[in-house]
Amino acid sequence: PTPDSSSEFFIRNLREMKSDRFRSVLEIGAGCGAIALYIAARWDATILASDIAPAAIESIERNAAANGLRIDVVESDMFERIPKQKVDLIIFNAPLIDKMPENAIEQYSLCDPNGVITGSFLRGSKRFLSKNGVAIVSICRNSAYEVFDKVDLKFKIVGVELSYGGFWRAIVGASLRQD
646 PTPDSSSEFF IRNLREMKSD RFRSVLEIGA GCGAIALYIA ARWDATILAS DIAPAAIESI
706 ERNAAANGLR IDVVESDMFE RIPKQKVDLI IFNAPLIDKM PENAIEQYSL CDPNGVITGS
766 FLRGSKRFLS KNGVAIVSIC RNSAYEVFDK VDLKFKIVGV ELSYGGFWRA IVGASLRQD
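Counting from 1 along the sequence shown, just add 645 to a position and that's the residue number in the working numbering.
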């Protein structure tokens with residue numbers, strides 16, 4: 646990933662997390678697998694990476710093999726085909742722009758109109774989080790972050806960055822309510 650990429654933003658924040666807390670990791674929408682590969686190389690955890698695109702699944706498998714890493718992969722639209730299990734860390738590098746996509750690139754990687762995709766991730770993660778697990782998701786000033794108000798999880802900011810022109814992006818952690 647390039648230094649300003651959203652994958653690198655996640656990796657910079659993952660470096661600061663206590664990896665021994667997470668024995669099982671699930672990445673939704675893993676793309677080429679950069680985040681899952683980073684974790685597989687450095688953490689003592691089982692890793693499952695998923696993506697809706699067959700080309701992404703092939704890319705993850707090739708990248709893991711080229712680096713001698715073990716990552717289980719599954720082609721899945723969000724949690725649709727994820728085997729039932731409880732996971733300590735769920736990662737989703739979400740599309741950030743709250744607008745209708747105008748082309749295929751925007752549809753599959755950039756746009757999340759009205760936060761539908763982020764909301765689906767948050768609701769789905771509730772079924773897979775272990776008791777003390779955390780789901781992390783990206784948002785930015787262009788995201789429909791009001792979707793967080795509609796999901797019964799506890800949220801906190803994991804990381805935030807400011808850049809040019811007042812643009813900001815953040816990683817939000819979500820956990821089960823313990824009340």
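Virtual Cβ for every residue (Gly too), placed ideally from N, Cα, C.
For residue i, three-class secondary structure by DSSP
{"i": "Ala739", "result": "coil"}
{"i": "Ile697", "result": "coil"}
{"i": "Glu661", "result": "coil"}
{"i": "Ile816", "result": "strand"}
{"i": "Ile762", "result": "helix"}
{"i": "Ser721", "result": "coil"}
Own chain residues within Cβ distance below 7 Å of residue i, not counting five before or after
{"i": "Arg786", "result": "Phe812, Trp813"}
{"i": "Ala694", "result": "Glu672, Ala675, Gly678, Ala681, Ile705, Ile716, Val718"}
Exposure label - residue i; buried when at least 16 CB within 10 Å
{"i": "Gly760", "result": "buried"}
{"i": "Glu672", "result": "buried"}
{"i": "Gly674", "result": "buried"}
{"i": "Ile736", "result": "buried"}
{"i": "Glu684", "result": "Note on identity: in this sequence residue 684 is Ile, with Glu being the wrong assignment. Per the 10 Å Cβ criterion, buried."}
{"i": "Asp616", "result": "Coverage of the chain is limited to positions 646 through 824, which leaves residue 616 absent and any answer about it impossible."}
{"i": "Asn738", "result": "buried"}
Residue nearest to residue i in terms of C-alpha spacing, selected from the options
{"i": "Lys795", "options": "Ala815, Arg768, Ile697", "result": "Arg768"}
{"i": "Ala789", "options": "Ser808, Ala681, Ile762, Glu661", "result": "Ile762"}
{"i": "Arg822", "options": "Gly804, Trp688, Ala780", "result": "Ala780"}
{"i": "Phe830", "options": "Val670, Ala679, Arg668", "result": "The first residue shown for the chain is 646 and the last is 824, placing residue 830 beyond what the model contains."}
Same chain only: Cβ atoms within 6 Å of residue i, ignoring 5 sequence neighbours per side
{"i": "Gly764", "result": "Val792"}
{"i": "Ile656", "result": "Tyr683"}
Cβ-Cβ distance between residue i and residue j below 7 Å
{"i": "Lys614", "j": "Ser783", "result": "The requested residue 614 does not occur in the structure, where the chain is confined to residues 646 to 824."}
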